[in-house]
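The next block holds one structure in the form of structure tokens; read it before the comments.
2 protein chains.
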Amino acid sequence: MILSKTFGYAIRGILYIALVQKEERKVQIEEISEKLSVPRHFLGKILQELVRNGLLTSVKGPNGGFSLGENTLSKSLLDVYRTTDHIEQLTQCELRFNQCDKIHPCPLHDKVQQIREEFIALLSKTTINDLITGTKKLQLHNIATTGV
Amino acid sequence: MILSKTFGYAIRGILYIALVQKEERKVQIEEISEKLSVPRHFLGKILQELVRNGLLTSVKGPNGGFSLGENTLSKSLLDVYRTTDHIEQLTQCELRFNQCDKIHPCPLHDKVQQIREEFIALLSKTTINDLITGTKKLQLHNIATTGV
DNA sequence: ATAATAAAAGACATCAATGTCTTTTATTAT
DNA sequence: ATAATAAAAGACATTGATGTCTTTTATTAT
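These protein sequence lines map, in sequence, to chains A and R.
Taking this note's numbering, the leading residue of the first sequence gets 1, the next gets one more, and so forth.
Taking this note's numbering, the leading residue of the second sequence gets 1001, the next gets one more, and so forth.
Written out as structure tokens, the structure reads:
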């Protein structure tokens, strides 16, 4: 797997909020973590980061919780990746050669680079909304955790 | 990065042995780890595993060390991957959805699957020898570690 | 103002990948 | 046979990702 567990939690958290947020209600971390079987406090920190990065909104206190707006739906998976992972990791030499770039490529560089660019392009052009309105309608039960 | 540090060490270890083994001499772990700046005992364990999996030969005692034959040169990167990593990880759902396969795909499944297959094909069809006899001649100094 | 509620924050725990150190085993040269 | 050498093996350490628990802060309803 290329993407971290943290990233997976972030995406599923966002999707959960988006899916249940038909009415303008806020969703609490307790509910999200239970429904998705994601560790509550760990998820809490991930959502905090998403709030800091403007992907979610949160309100403390009674009737508080997390919510998201239209702008979040148009964010890309790469935007999420930037808050959960280290973006440089997407572009480092797979063989970890000392020097590996276009001028001094490792023997795998060109081939890997092409695949890498496809993957980054996928993350970059796929939005949260794309995940929701994909070919098959996304259901709540689909976004439960796999435990891996 | 998709590939583990362990995998990178394994590849560079194999390449080092292949490159200096013009004459039939055996190469010692001490020399390999120093020249590649790879932790000695950690590399030792990795090479041990490669020996167990038939990718290298080792001899204990004076004048002992590691060596490899023609058969190793024709092994694929996927063969190396199998000794250093968990092969299932190459095919697990990137979003870690509960259920994600051809019948019940996560919203990213098809696109990811395609890229995944390209990557596995690359590992599968690239041999050790391909790395050595690539477009640019592989030099010893190229395979030092990057420290990442 | 006070109490209740929910996120934020911080300290600590666990686990897998990575790394180090010491002891054991096999081989070779004398 | 003995000593020297080098890999193998095993125990332990470190680190980053992941996970848990407790305390703090902000908000709301009363």
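Even glycine gets a Cβ: it sits at the ideal position worked out from N, Cα and C.
Span of the alpha helix (DSSP H) holding A/G13? Counting from 1 along the first sequence, the entry for residue 13 of chain A is found at position 13. Looking at the DSSP string, the run of the alpha helix (DSSP H) that includes A/G13 is 5-20.
Straight-line gap, A/G69 to A/L56 (C-alpha atoms, nearest Å): Start at 1 with the first residue of the first sequence, and residue 69 of chain A comes out as number 69. Start at 1 with the first residue of the first sequence, and residue 56 of chain A comes out as number 56. Approximately 8 Å, taken between the alpha carbons.
Among R/K1005, R/I1011, R/D1110, which one has its Cα closest to the Cα of R/D1130? On the second sequence, position 130 is the one that residue 1130 of chain R refers to. Here the closest residue by C-alpha is R/I1011.
Using the Cα positions of R/T1126 and A/Q114, report the straight-line distance between them to the nearest angstrom. Locating residue 1126 of chain R in the second sequence gives position 126, where the first residue counts as 1. Locating residue 114 of chain A in the first sequence gives position 114, where the first residue counts as 1. Each residue's alpha carbon lies about 15 Å from the other.
A/S37 by DSSP, collapsed to three states: which one? As a working mapping, residue 37 of chain A is identified with position 37 in the first sequence. The answer is coil: DSSP assigns A/S37 none of H, G, I, E or B.
Answer with yes or no whether the minimum CB distance from A/L3 to chain R is below 7 Å. Translated into positions along the first sequence, residue 3 of chain A becomes position 3. Interface residue, yes.
is_contact[A/P62, chain R] using C-beta, thresh 7 Å: As a position in the first sequence, residue 62 of chain A is number 62, starting the count at 1. Taking Cβ atoms only, chain R never reaches closer than 7 Å to A/P62, which makes this a no.
Contact belief for R/E1094 with A/L3 at Cβ below 8 Å, rounded distance in angstroms: Here the question's residue 1094 of chain R lines up with position 94 in the second sequence. Here the question's residue 3 of chain A lines up with position 3 in the first sequence. Correct: roughly 5 Å between the Cβ atoms.
How many angstroms separate the CA atom of R/Q1099 from the CA atom of A/G134? Along the second sequence, one-based indexing puts residue 1099 of chain R at 99. Along the first sequence, one-based indexing puts residue 134 of chain A at 134. Each residue's Cα considered, the two are about 16 Å apart.
Name the chain R residues that come within less than 8 Å of A/K102, Cβ to Cβ? On the first sequence, residue 102 of chain A is found 102 positions in, with the first residue counted as 1. Chain R residues near A/K102: none, gap ~12 Å exceeds 8 Å.
Less than 7 Å between the C-beta atoms of R/S1033 and R/R1040, yes or no? Position 33 of the second sequence, counting from 1, holds the residue named residue 1033 of chain R. Position 40 of the second sequence, counting from 1, holds the residue named residue 1040 of chain R. Yes, these two residues count as a Cβ contact at 7 Å.
The beta strand (DSSP E) spanning A/S58 covers which residue range? If you number the first sequence from 1, residue 58 of chain A lands on position 58. Its beta strand (DSSP E) spans residues 57-59.
Could you work out which residue in R/K1111, R/Q1028, R/L1123 is closest to R/Y1016 when comparing CA atoms only? Translated into the one-based positions of the second sequence, residue 1016 of chain R becomes position 16. Closest by alpha carbon: R/Q1028.
Determine the burial state of A/I103: buried for a count of at least 16 other Cβ atoms within 10 Å of its Cβ, exposed for fewer. Looking up residue 103 of chain A in the first sequence gives position 103. Label assigned to A/I103: exposed.
Tell me, to the nearest whole angstrom, how far the beta carbon of A/I128 is from that of A/T72; I am working on the premise that it is less than 8 Å. Counting from one through the first sequence, the residue named residue 128 of chain A turns up at place 128. Counting from one through the first sequence, the residue named residue 72 of chain A turns up at place 72. About 6 Å separates the two Cβ atoms, so the contact holds.
Rounded C-alpha distance that separates A/D110 from A/G44: Within the first sequence, residue 110 of chain A is the residue found at index 110, counting from 1. Within the first sequence, residue 44 of chain A is the residue found at index 44, counting from 1. Near 40 Å, if we compare the C-alpha coordinates of A/G44 and A/D110.
Residues in the same chain with beta-carbon distance under 8 Å from A/I14, minus the five sequence neighbours each way, listed in chain order, please. Against the first sequence, residue 14 of chain A aligns to sequence position 14. L50, L55, L56, L68, T72, V80, I128, listed in sequence order.
List the whole-angstrom C-beta distance separating R/L1123 from R/S1076, where the pair is believed to meet the contact cut-off of C-beta under 8 Å. One-based indexing of the second sequence puts residue 1123 of chain R at position 123. One-based indexing of the second sequence puts residue 1076 of chain R at position 76. About 7 Å separates the two Cβ atoms, so the contact holds.
Could you round the C-beta distance between A/L138 and R/P1107 to whole angstroms and report it? I think they count as a contact, below 8 Å. Locating residue 138 of chain A in the first sequence gives position 138, counting from the first residue. Locating residue 1107 of chain R in the second sequence gives position 107, counting from the first residue. Sure, about 6 Å apart at Cβ, within 8 Å.
Excluding the 5 residues flanking A/A184 on each side, which residues of the same chain have their C-beta closer than 8 Å to its C-beta? Residue 184 of chain A lies beyond the range of chain A shown here (1 to 148); nothing can be said about it.
C-alpha distance - R/L1059 paired with R/H1086, whole-angstrom precision: Residue mapping note: residue 1059 of chain R aligns to position 59 of the second sequence, counting from 1. Residue mapping note: residue 1086 of chain R aligns to position 86 of the second sequence, counting from 1. The residue you asked about is not Leu; residue 1059 of chain R is Val in the sequence shown. If I take the Cα positions, the gap works out to 28 Å.
Who pairs with R/S1076 in a beta bridge, going by DSSP? Your numbering for residue 1076 of chain R matches position 76 in the second sequence. DSSP, once it has assigned bridges, lists R/T1127 as partnering R/S1076.
Within 10 angstroms of its Cβ, does A/N63 collect 16 or more other Cβ (buried), or is it exposed? Taking the first sequence and counting its residues from 1, the one referred to as residue 63 of chain A is at position 63. A/N63 comes out exposed.
Candidates A/F119, A/D101, A/G65, A/E88: which alpha carbon is nearest A/V20's? Taking the first sequence and counting its residues from 1, one reaches residue 20 of chain A at position 20. When only C-alpha atoms are compared, the closest one is A/G65.
Which of helix, strand or coil does DSSP assign to R/G1203? Past the edges of chain R, shown from 1001 to 1148, lies residue 1203 of chain R, and the structure says nothing about it.
Is R/F1097 buried or exposed, if buried means 16 or more other CB atoms sit within 10 Å of its CB? Position 97 of the second sequence, counting from 1, holds the residue named residue 1097 of chain R. Answer is buried; the Cβ neighbour count reaches 16.
Using a 10 Å radius around the Cβ and a threshold of 16 neighbouring Cβ atoms, would you call A/G8 buried or exposed? Sequence index remark: in the first sequence, residue 8 of chain A carries index 8 (1-based). So A/G8 ends up on the buried side.
For R/G1134, would you say it is in contact with chain A, using Cβ-to-Cβ distances shorter than 7 Å as the test? For the purposes of this step, residue 1134 of chain R is identified with residue 134 of the second sequence, where counting begins at 1. Yes, R/G1134 lies at the interface with chain A (some Cβ there is under 7 Å from its Cβ).
Does any residue of chain R bring its CB to less than 7 Å from the CB of A/E94? If you number the first sequence from 1, residue 94 of chain A lands on position 94. Yes, A/E94 lies at the interface with chain R (some Cβ there is under 7 Å from its Cβ).
At least one CB of chain A closer than 7 Å to the CB of R/F1042: is that the case? As a first step, residue 1042 of chain R is located in the second sequence; it is residue number 42 there, counting from the start. Cβ-Cβ to chain A under 7 Å: no for R/F1042.
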